[in-house]
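Undergrad: Here's a structure for you.
Protein chains: 2
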Amino acid sequence: MFSQFDKKMMRRCFTLARKGRFKVRPNPMVGAVLVKNGRVIGEGYHRYFGGPHAEVEAFQNATEDPTGATLYCNLEPCCHANKKTPPCTPLVISKKVARVVVANIDPNPDVSGKGLQQMREAGIQVESGLLQEEGAELNRVFFLNMKENRPFITLKIARSLDGFISESRDKQTWLTSEKAIKFVHRLRAAHQAVLVGAGTVRADDPQLTVRMARGPQPLRVALSASLIFSDRAQIFTDRFRDKTLIITTQQADKEKIEQLLGKGVRVESAPDLTNGNINLRLLLEILWQKFKIGSLLVEGGQQIFTNFLNERLLDELILIETPVLLGQGLPAFDRLRGHFLQLKTIKKLGPDVAIIYRKKER
Amino acid sequence: MFSQFDKKMMRRCFTLARKGRFKVRPNPMVGAVLVKNGRVIGEGYHRYFGGPHAEVEAFQNATEDPTGATLYCNLEPCCHANKKTPPCTPLVISKKVARVVVANIDPNPDVSGKGLQQMREAGIQVESGLLQEEGAELNRVFFLNMKENRPFITLKIARSLDGFISESRDKQTWLTSEKAIKFVHRLRAAHQAVLVGAGTVRADDPQLTVRMARGPQPLRVALSASLIFSDRAQIFTDRFRDKTLIITTQQADKEKIEQLLGKGVRVESAPDLTNGNINLRLLLEILWQKFKIGSLLVEGGQQIFTNFLNERLLDELILIETPVLLGQGLPAFDRLRGHFLQLKTIKKLGPDVAIIYRKKER
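If you read the sequences in order, they're chains A and B.
So in the UniProt record's numbering, the last one in the first sequence is 362, and the numbering has no gaps at all.
So in the UniProt record's numbering, the last one in the second sequence is 362, and the numbering has no gaps at all.
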C-alpha cells in the first residue's frame, strides 16, 4: 500500500514538524510535503501557535501548480472552523491534489476522520496510517491532551544506585553528572511547565531553568499550602520570576500571597488542598484549562512523586541512575506497589544511565 | 603507525580468538593471522587448554611460505618453557617473518615484553598496542587473573524498580523476563563457576544450569557452615551433581559431609569460616589454585552480595532491573556506602534492563 518513497516523504514531514516543537505547543507538530511527478514541489510546517497550518505553508511554498500532486502530512488536515485559522480540507480540495497520505487521524473529536472523509468525497485518493506509530510518538503530548484533557506528565527521578533521591529530607544531594544535568535541561525545554513541591524549593533552592540546553523557559510551578519560602529563593528573584506560579490553598495567608505577588510571581489558589494533600486532578485541570499547559515535568521531591505515582498520574517516568551508593536516605519510591510501568528506552548519560518508562496501557 | 588494514587483521584475530572462549579457560583467548603481499596466507587460534597456540596453528595452516610475511596476533607470543606447550617466539623467528603486530603484551611476568624483545633482537619489525583496549576487554578475565591471582568476579543482581531482590528473605520472587533469564544463562556459560549462599539454595532451590543458552555447565559453588540443605535440592540430585562444590568450615559435621559426598557432590573445607562469615579471599584462593576457576559469577543472596561488596571483591556488577514495584523486601544493597563503580554498558532485555558496571580503577 505504501512505497519506500511514501515512507521517505512521511519521515520528511516528521522532520519538518519537529522544527515547530517549541512554538506550536499545545498544538500538534505538523509537517507537509507536496510531491508531483516524483519531485518535491513544496514543503511547510506549523511554525507557531495560531499560525498557518503545515498544509497552507506547503501550498504557499509550492514552486509548481499542485494539480494532480500528492500531499503528505503527518496529521489529518483539519475541517473544523471553531479556531484561529480557517479549515484546511477546503483548501486541499481546491488545489486539486490527486492523493493525500497521512500518518495519524486527528484525535480532536471535531475532526477525527471527518477531514479525510471530506477529501474522499471530493474524489481525492486518501490513505492514512503510514508510519502511524512514529507519528503518534512524535505527537504523544497532543494525543494525550486530546484523550485525557490534562497535561502529559513526565516524572523525572534522579537516584543513587541503591535507590535514594537524597541523603536526607532537608538536604540536597548532587547526584548526577554534567551530561545528566544537560539532559534534564533538555527535558525542561521539552515541557511547558516544571513542577516541584515547596519542600524542594526550601531544601534545594532550584533555578528550574534551561541553562545548559537550547529552548524556551518553562513555567515553574511550586505547590505550597503554607507559603513558607525563603524571600531569596531563586524562583522569586531571578529574571524568570514572571515564569513562576505558586499554587496554594484558598485558606492561604492573604498577606503572604500579597508579598509573593509583589515579587512579580503568579499565585493561584486551588479549591481542594486539604491537609497539605493537593488534589492533583484539580491542579492539572487548572494548568491545562487556565494556563494551557500541555506537558508537565515533575521534578520532586519524594512526597510529590509519591502523590503522582499513587494516583497513577503519569505518562512517562525517567529514572536517572548514578553509580554511587549512599547507604541510606530518602527512597525514590515510598512503599509503593504495582506493575504499571513498561520500558520505553535506555540512554547512557556519561557515567549515568537514564531509563525511560511509560505507563502501561490498561 | 597502524593502517586500516592492520586494524582489520587484528579484528580478525579477535574473532578467531573468541572461538576458543569456552575451551581455553583459564588460558587467554588468542587468534593469529599471517599476511603476505596483502593476502591472508594462514590463520589459527588457541582451541583448547593445553592445545597448540594460535601462532603454531597459523603457521601449520599456511598455504604459502611465510618468509617475509606479517604475523598478527592479539597477544604477545610466549617465550617461556615452564608449561604444556613449547615457546612460540623461536618458531616465529625460525619462520623468517618480517613483521609481528600484537594488541597486548602478555601480563604473565615470565613473558611480559620478553617475547617481543627476542623477536626484535632476531631482526623482526615488532609493533604492539594495536587495538589494545579491545584486546584487553576480550581477555579481561585472563589479565585480571594474572594481576590479582584470583578469579574474575561478576556480581549479578536482579532487582525490582524499587531496589528489592525479593519480597522476603525466605521466599523466591521471580522478577525478570524470559529474555533476562536467557541473558543470565549466557552469563553462566561465560563463567567457569557460579556461586550462591546456602540460604539461596534453601529458599530458591536453583538449578544454576545453562538451559536457555549454549555453552558449558559451570562449577556450582554453594557456601554453607551448617550444611543444612534439603536432601532433594536440585544441585545435589540433577545430572550435573558432579559439578556441585560445597564449601564449608573445618568444624563442619563429618556425618553431613559424608552424606553429601555420598550424593556425588564435592565438598571442600575452608580454614577460616568463622561465625558463618566466610573468608572470601581464602575462598577465592581455593577456587583459583585448586579448581583453576578463572571467572566466578556470584548469584546471591543478599548476604553474599554484601560480603563481596564490602570487601570490594568484584570486577563487574550486572544489575538487572525489572519494572515492578514491590513496596518492600530485601534491598539489593544493604546500607553499603561508596563510589567504586563506573558504568560500562547498558542493554535492553525485553521489558527489563541490564546495567553493567565495572569496578573503578583506584
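Virtual Cβ for every residue (Gly too), placed ideally from N, Cα, C.
Give me the subset of the segment 162 to 189 of chain A whose CB atoms are less than 7 Å from a CB atom of chain B, sorted by chain position.
TA: For the segment 162 to 189 of chain A, which is checked against every Cβ of chain B, the residues closer than 7 Å are D162, G163.
Undergrad: Identify, in the order they occur along the chain, each residue of the same chain with its Cβ nearer than 8 Å to the Cβ of Q132/A, setting aside the five sequence neighbours on each side.
TA: Contacts found: A103, N104.
Undergrad: Identify whether T154/A lies in helix, strand or coil by the three-state DSSP scheme.
TA: Reduced to three states, the DSSP call for T154/A is strand.
Undergrad: Do the CB positions of L287/A and L296/A come within less than 8 Å of each other?
TA: In contact: L287/A and L296/A (Cβ atoms closer than 8 Å).
Undergrad: Going by beta-carbon coordinates alone, are E167/B and L282/B separated by less than 8 Å?
TA: Result no, Cβ atoms of E167/B and L282/B do not sit closer than 8 Å.
Undergrad: Should R312/B be flagged as near chain A, meaning a C-beta pair shorter than 8 Å?
TA: Not an interface residue.
Undergrad: DSSP has S112/B in a bridge; who is on the other side?
TA: Per DSSP, none; premise fails for S112/B.
Undergrad: In chain order, what residues of the same chain lie with their CB nearer than 7 Å to the CB of residue 378/A, ignoring the 5 residues before and after it?
TA: The displayed coordinates of chain A run from 1 to 362. Any statement about residue 378/A would go beyond what the structure contains.
Undergrad: Taking only the alpha-carbon atoms, compute the straight-line gap between N27/A and R18/A and give it to the nearest angstrom.
TA: Their backbone Cα atoms lie some 12 Å apart in a straight line.
Undergrad: Name the two residues that bound the continuous alpha helix (DSSP H) containing G135/A.
TA: Segment 132 to 138, the alpha helix (DSSP H) holding G135/A.
Undergrad: Check the Cβ of L341/B against every Cβ in chain A and list those closer than 9 Å, keeping chain order.
TA: Neighbours of L341/B on chain A, chain order: L161, P323, V324, L325.
Undergrad: Could you compute how far the alpha carbon of R358/B sits from the alpha carbon of S226/B?
TA: If I take the Cα positions, the gap works out to 33 Å.
Undergrad: So M9/B and N139/B are in contact, right, with Cβ under 8 Å, and what is the actual spacing, rounded?
TA: 18 Å between Cβ atoms; not a contact.
Undergrad: Which same chain residues, not among the five before or five after A81/A, have their C-beta less than 6 Å away from its C-beta?
TA: So the qualifying residues of the chain are P87.
Undergrad: Given that I286/B touches chain A, what residues does it touch there, using C-beta distances under 7 Å?
TA: Chain A residues near I286/B: none, gap ~29 Å exceeds 7 Å.
Undergrad: So which residues of chain A does L155/B contact, with C-beta pairs closer than 9 Å?
TA: Under the 9 Å cutoff, chain A gives no residues; its nearest Cβ is about 12 Å from L155/B.
Undergrad: Could you please give me the residues that DSSP links to V126/A through a beta bridge?
TA: Partner(s): V100/A.
Undergrad: Can you list, in chain order, the residues of its chain with a C-beta nearer than 6 Å to that of R186/B? Leave out the 5 residues immediately preceding and following it.
TA: Same-chain partners within the cutoff: A213.
Undergrad: So which residues of chain B does residue 425/A contact, with C-beta pairs closer than 9 Å?
TA: There is no way to answer for residue 425/A, as the model of chain A reaches only from 1 to 362.
Undergrad: Can you give the Cα-Cα distance for residue 363/B and Q125/B, rounded to whole angstroms?
TA: Residue 363/B cannot be examined here, being either before or after the span of chain B that is shown, 1 to 362.
Undergrad: Answer yes or no: do L130/B and F2/B have a C-beta to C-beta separation smaller than 8 Å?
TA: Closer than 8 Å, so yes.
Undergrad: Can you give me the C-alpha to C-alpha distance between Q303/A and G197/A, rounded to a whole angstrom?
TA: Going by the C-alpha atoms only, they are around 8 Å apart.
Undergrad: Measure from the C-beta of G348/A to each C-beta in chain B and report whether the shortest distance is under 8 Å.
TA: Residue 348/A is actually Lys in this sequence, not Gly. Judged by the 8 Å Cβ criterion, K348/A is in contact with chain B.
Undergrad: In or out: L261/B buried (at least 16 other Cβ within 10 Å) or exposed?
TA: Exposed, by the Cβ-count rule.
Undergrad: Going along chain B in order, which residues have a C-beta closer than 9 Å to the C-beta of Q302/A?
TA: Neighbours of Q302/A on chain B: none; closest Cβ ~12 Å, over 9 Å.
Undergrad: Where in the segment 63 to 96 of chain A do unbroken runs of the alpha helix (DSSP H), each at least 4 residues long, occur, reported from the N-terminal end onward?
TA: You should have 89 to 94.
Undergrad: Please specify which runs of the alpha helix (DSSP H), each continuous and at least 4 residues long, are wholly inside the segment 212 to 295 of chain B, giving them in chain order.
TA: Listed in chain order, they are 234 to 237, 254 to 262, 280 to 285.
Undergrad: Note down, in chain order, each residue of its chain lying with its Cβ closer than 8 Å to the Cβ of T154/A, except the 5 sequence neighbours on either side.
TA: Counting only Cβ-Cβ distances below 8 Å, and skipping sequence neighbours, we find L187, H191, S295, L296, L297, V298, L314, D315, E316, L317, I318.
Undergrad: Identify whether D352/A lies in helix, strand or coil by the three-state DSSP scheme.
TA: Three-state DSSP puts D352/A in a strand.
Undergrad: Among the residues of its own chain, which have a CB less than 6 Å from the CB of A193/B, if the five just before and after it don't count?
TA: Once the five neighbours on either side are set aside, the close Cβ partners of A193/B are P218, L219, V221, I293, L296.
Undergrad: So G338/A contacts chain B; which residues on that side make the cut at Cβ distance below 9 Å?
TA: Here the neighbours are V324, L325, G327.
Undergrad: Per DSSP, which residues does P331/B bridge with? Please list them.
TA: Beta-bridge pairing links P331/B to F164/B.
Undergrad: For the ligand GTP, is there a heavy atom less than 7 Å away from the beta-carbon of A32/A?
TA: Ligands in the displayed structure: none, and consequently the ligand GTP is not present.
Undergrad: Counting only beta-carbon atoms, is F14/A nearer than 8 Å to chain B?
TA: Chain B, which has no Cβ nearer than 8 Å to the Cβ of F14/A, makes this no.
Undergrad: Looking at the structure shown, is R120/A part of a helix, part of a strand, or coil, going by DSSP?
TA: Looking at R120/A - three-state DSSP - the assignment turns out to be helix.
Undergrad: Note down, in chain order, every chain B residue with its Cβ under 9 Å from the Cβ of V298/A.
TA: Going along chain B, no residue has its Cβ under 9 Å from V298/A, so there is no contact; the nearest lies around 17 Å.
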